[in-house]
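Residue numbers (mature numbering (1 follows the signal peptide of the UniProt record, and there is no 0)): -31 to -1, 1 to 276.
Positions of the beta carbon are idealized from the N, C-alpha and C atoms, including for glycine.
Just so we're clear, the structure is a prediction, and the values are computed from it rather than from any experiment.
Structure first, commentary second.
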């Protein structure tokens, strides 16, 4: 992770704004034509057109809408970081044609929030549903509280956009919560083993999940602050992390975000392996082998339980 990420993010937001302005001024662009065609198809089928910035929330939106919605995910790959993503004209057009837009918020996908704010779509901001603000940990899909609140907000948006199927959306919401309740029961059961367990993370991606598992964040302060500030940890920060791993007591599990692997994380994971500290490897974006956020979360809980 580099301090340049903040610069890239600023450019991404500016690019989204510029693209949106350009499309508003030039209604005859190809992107507009394609979007109008897609919108007509969605309208003729009677489905609600939904756009989600990331596939995690897109999967929730699809589960809650069933056959009554058409969901488009802007980001679907684990080799692209949402913080730095630069939307295309086609991406922005999808927000313009949608009736419901789902974004992560908390400055994780500012380009998406910017694009959605200038449209008539009902905006669901996942972070805002749980009063999580810019500056807080933005990886909110790992939080049981945020998942539930966001699901309810999406259902409310669907019922507003398509009142004729209000009861259908209520049933789908009930079914979704039943699955979330099963996941939370698994988390509670696993927390009997993980409660108080000191762990460290190369990035605070899964902080909310670890918190739900009642684990203790023991990431060395210097390294954690550098990661939070999106700056490079100093050699002394790295050494402190390695030493904490090697002492066999301070850190009992390492959480590694393989989506942000670099020479620094190589040093950290190598130290963990040498000290026989279990490593839980994960990514920010939902991996391709999963089409459902709750299935992915359940698999991650299994990793924590078995590490």
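Cα-Cα separation, residue i to residue j
i	j	result
residue 96	residue 118	9 Å
residue 153	residue 223	22 Å
residue 22	residue 168	30 Å
residue 246	residue 265	23 Å
residue 76	residue 104	8 Å
residue 211	residue 221	13 Å
residue 19	residue 51	19 Å
residue 183	residue 160	6 Å
residue 55	residue 198	21 Å
residue 59	residue 48	20 Å
residue 123	residue 244	45 Å
residue 178	residue 98	17 Å
residue 151	residue 205	43 Å
residue 31	residue 225	29 Å
residue 242	residue 79	37 Å
residue 125	residue 36	17 Å
residue 219	residue 213	6 Å
residue 250	residue 165	20 Å
residue 146	residue 39	21 Å
residue 322	residue 57	Residue numbering for the chain in the displayed model covers -31 to 276; residue 322 lies beyond these limits and cannot be assessed.
residue 259	residue 120	18 Å
residue 140	residue 189	46 Å
residue 93	residue 236	39 Å
residue 256	residue 53	19 Å
residue 252	residue 71	20 Å
residue 272	residue 208	27 Å
residue 67	residue 43	12 Å
residue 100	residue 127	21 Å
residue 4	residue 86	Residue confidence is low: residue 4 scores 37 on pLDDT, short of 50, so the model does not pin down where it sits. No coordinate-derived value is stated.
residue 131	residue 267	31 Å
residue 170	residue 232	15 Å
residue 106	residue 230	19 Å
Under 9 Å between C-beta atoms of residue i and residue j
i	j	result
residue 138	residue 33	yes
residue 110	residue 228	no
residue 191	residue 203	yes
residue 143	residue 270	no
residue 175	residue 108	yes
residue 84	residue 73	no
residue 116	residue 149	yes
residue 193	residue 215	no
residue 314	residue 261	Summary: the structure shown does not reach residue 314, with the chain confined to residues -31 through 276, and so no result is reported for it.
Within-9 Å CB hit, residue i to chain B
i	result
residue 66	Although the question refers to chain B, the structure presented lacks it and comprises just one protein chain.
Anticipated Cβ contact below 8 Å, residue i with residue j, distance rounded
i	j	result
residue 196	residue 172	6 Å
residue 63	residue 254	With a Cβ gap of about 18 Å, residue 63 and residue 254 do not count as contacting.
residue 69	residue 17	6 Å
residue 112	residue 181	7 Å
residue 274	residue 162	6 Å
residue 91	residue 129	6 Å
residue 238	residue 248	6 Å
First and last residue of the uninterrupted beta strand (DSSP E) at residue i
i	result
residue 275	It is not in any beta strand (DSSP E) - residue 275 instead sits in the alpha helix (DSSP H) that spans 262 to 275.
residue 223	222 to 226
residue 42	38 to 44
Bounding residues of the alpha helix (DSSP H) (the contiguous stretch that carries residue i)
i	result
residue 29	24 to 34
residue 246	Residue 246 -> no alpha helix (DSSP H), and no H or E assigned at all.
residue 324	Here the chain covers residues -31 to 276 and nothing more, so residue 324 does not appear.
Beta strand (DSSP E) segments (min. 3 residues) lying fully within the region 48 to 110: Listed in chain order, the beta strand (DSSP E) runs fully inside the region 48 to 110 are 69 to 72 and 91 to 94, counting runs of at least 3 residues.
Secondary structure, beta strand (DSSP E): runs of 3+ residues fully inside the region 161 to 213: Segments of the beta strand (DSSP E) lying fully in the region 161 to 213: 167 to 170.
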